[in-house]
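Novice:
Here it is, written out as structure tokens:
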């Protein structure tokens with residue numbers, strides 16, 4: 009059995025577990041509870057859940073989609089988010105291997121994919137994009153773009169490109185970074201105009217923040 013196959017299984021299972029945690033975040037964001045404190049409980053009867061109730065997908069199947077304690081139906085959101093996250097983690101791992109494996113970039117993509125899943129599901133359920141999610145996501149992308157645009161001289165076969173130089177060791181690729189900022193601002197401005205013209209009926213201000221985040225993450229013309 010190849011290491012590639014084993015790693016593929018690992019990332020899928022890791023994604024399932026991550027999806028289970030994302031479900032917890034989505035639920036607790038709405039009821040304004042900390043995602044890092046306390047124990048998981050049934051949203052209906054509030055009974056504390058044991059480890060055997062929290063196995064991704066498997067627990068849902070064994071329990072036939074109902075709470076072990078109050079027998080109320082468990083939302084399909086839980087297995088769907090877990091499965092989607094697992095498949096997404098697996099897809100990102102495969103994509104990264106095809107493009108040339110970069111562990112830092114892989115971790116970055118996994119983190120951003122988690123933020124996107126939270127945003128999508130929460131917005132779908134509650135018609136709002138929470139600031140507690142979009143601001144940290146934007147901050148992480150902003151920080152990553154800064155770091156990724158710092159280039160050491162020995163990493164370029166054509167010599168150091170134009171940019172801000174810090175001593176003799178590395179420099180900052182200002183043109184690339186400014187272009188990303190302009191892409192983010194352009195996307196945000198476009199959504200802001202739609203929000204303004206529709207008086208918030210078509211798009212809300214949360215969509216403007218999301219557009220800025222996606223513009224910073226994808227850049228032009230991918231946005």
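Residue numbers (our numbering): 9 to 231. We treat Cβ as the ideally placed atom computed from N, Cα and C, and that holds for glycine.
Helix, strand or coil for residue 168? Go by DSSP, reduced to three states.
Specialist: One-based indexing of the chain shown puts residue 168 at position 160. Its pLDDT being 45, under 50, residue 168 is placed unreliably in this model, and the value from its coordinates should be taken loosely. Correct three-state label for residue 168: coil.
Novice: Restricting to runs no shorter than 4 residues, where is the alpha helix (DSSP H) found entirely within the stretch 80–139?
Specialist: 85–107, 111–134, all fully within the stretch 80–139.
Novice: Check the DSSP bridge columns for residue 55 and list the partner residues they point to.
Specialist: Residue mapping note: residue 55 aligns to position 47 of the chain shown, counting from 1. DSSP lists no partner for residue 55.
Novice: Could you give the distance in angstroms between the alpha-carbon of residue 66 and the alpha-carbon of residue 72?
Specialist: Position 58 of the chain shown, counting from 1, holds the residue named residue 66. Position 64 of the chain shown, counting from 1, holds the residue named residue 72. Using only the alpha carbons, I get a separation of about 10 Å.
Novice: For residue 93 versus residue 137, is the C-beta distance shorter than 8 Å?
Specialist: Counted from its first residue, the chain shown places residue 93 at position 85. Counted from its first residue, the chain shown places residue 137 at position 129. Contact: no.
Novice: In whole angstroms, what separates the C-alpha of residue 62 from that of residue 28?
Specialist: Taking the chain shown and counting its residues from 1, the one referred to as residue 62 is at position 54. Taking the chain shown and counting its residues from 1, the one referred to as residue 28 is at position 20. Roughly 8 Å separates the two Cα atoms.
Novice: Identify, in the order they occur along the chain, each residue of the same chain with its Cβ nearer than 7 Å to the Cβ of residue 123, setting aside the five sequence neighbours on each side.
Specialist: Position 115 of the chain shown, counted from the start, is the residue given in the question as residue 123. If we look at residue 123 and ignore the five residues flanking it on each side, its Cβ neighbours are 141, 145.
Novice: Which residues mark the beginning and the end of the alpha helix (DSSP H) in which residue 208 is found?
Specialist: Residue 208 sits at position 200 when you count from the first residue of the chain shown. Element bounds for residue 208: n/a, residue is neither H nor E.
Novice: Does DSSP put residue 159 in a helix, a strand or coil?
Specialist: Locating residue 159 in the chain shown gives position 151, counting from the first residue. Here residue 159 sits in strand by DSSP.
Novice: Mind checking who residue 76 pairs with in its DSSP beta bridge?
Specialist: Start at 1 with the first residue of the chain shown, and residue 76 comes out as number 68. Looking at the DSSP assignment, residue 76 forms no beta bridge with any residue, so it has no partner.
Novice: Straight-line CA distance for residue 218 to residue 80?
Specialist: Working through the chain shown from its first residue, we reach residue 218 at position 210. Working through the chain shown from its first residue, we reach residue 80 at position 72. So the alpha carbons of these two residues sit roughly 35 Å apart.
Novice: Let's see if you can read the secondary structure: which residues bound the alpha helix (DSSP H) around residue 32?
Specialist: What you label residue 32 is simply residue 24 of the chain shown in a count that begins at 1. Per DSSP, residue 32 belongs to the alpha helix (DSSP H) from 11–39.
Novice: Measure the Cβ-Cβ separation of residue 220 and residue 196 and say whether it is below 8 Å.
Specialist: What you label residue 220 is simply residue 212 of the chain shown in a count that begins at 1. What you label residue 196 is simply residue 188 of the chain shown in a count that begins at 1. In this structure, residue 196 lies closer than 8 Å to residue 220 by Cβ.
Novice: Quick check: the Cα distance between residue 224 and residue 70, rounded to an integer number of angstroms?
Specialist: Along the chain shown, one-based indexing puts residue 224 at 216. Along the chain shown, one-based indexing puts residue 70 at 62. Distance between the alpha carbons of residue 224 and residue 70: 42 Å.
Novice: First and last residue of the alpha helix (DSSP H) that includes residue 218?
Specialist: What you label residue 218 is simply residue 210 of the chain shown in a count that begins at 1. That run of the alpha helix (DSSP H) goes 213–226.
Novice: Return yes when the Cβ of residue 43 is within less than 8 Å of the Cβ of residue 57, no when it is not.
Specialist: Within the chain shown, residue 57 is the residue found at index 49, counting from 1. Within the chain shown, residue 43 is the residue found at index 35, counting from 1. No, they are not a contact pair.
Novice: Return the chain-ordered list of same chain residues with a C-beta closer than 8 Å to the C-beta of residue 198, the five sequence neighbours on each side being excluded.
Specialist: One-based indexing of the chain shown puts residue 198 at position 190. For residue 198, where only same-chain residues beyond five positions count, the Cβ hits under 8 Å are 219.
Novice: Within the same chain, show all residues whose beta-carbon is closer than 7 Å to that of residue 118, passing over the 5 residues directly before and after it, in chain order.
Specialist: Taking the chain shown and counting its residues from 1, the one referred to as residue 118 is at position 110. Answer for residue 118: 97, 100, listed in chain order.
Novice: What distance in whole Å lies between the Cβ atoms of residue 50 and residue 75, which are believed to be in contact at a cut-off of 8 Å?
Specialist: For the purposes of this step, residue 75 is taken as residue 67 along the chain shown, with counting starting at 1. For the purposes of this step, residue 50 is taken as residue 42 along the chain shown, with counting starting at 1. About 5 Å separates the two Cβ atoms, so the contact holds.
Novice: Residues in the same chain with beta-carbon distance under 6 Å from residue 90, minus the five sequence neighbours each way, listed in chain order, please.
Specialist: What you label residue 90 is simply residue 82 of the chain shown in a count that begins at 1. Closer than 6 Å at the Cβ level, and outside the excluded window around residue 90, lie 24, 27, 28, 64, 65.
Novice: Report all residues from its chain with a CB closer than 7 Å to the CB of residue 19; omit the five preceding and five following residues, and keep chain order.
Specialist: The residue labelled residue 19 in the question sits at position 11 within the chain shown. Closer than 7 Å at Cβ, skipping near neighbours: 97, 98, 101.
Novice: Run the CB neighbour count on residue 87, radius 10 Å, all protein chains shown included, and call it buried at 16 or more, exposed below.
Specialist: Counting from 1 along the chain shown, the entry for residue 87 is found at position 79. With 16 or more Cβ atoms within 10 Å of its Cβ, residue 87 is classed as buried.
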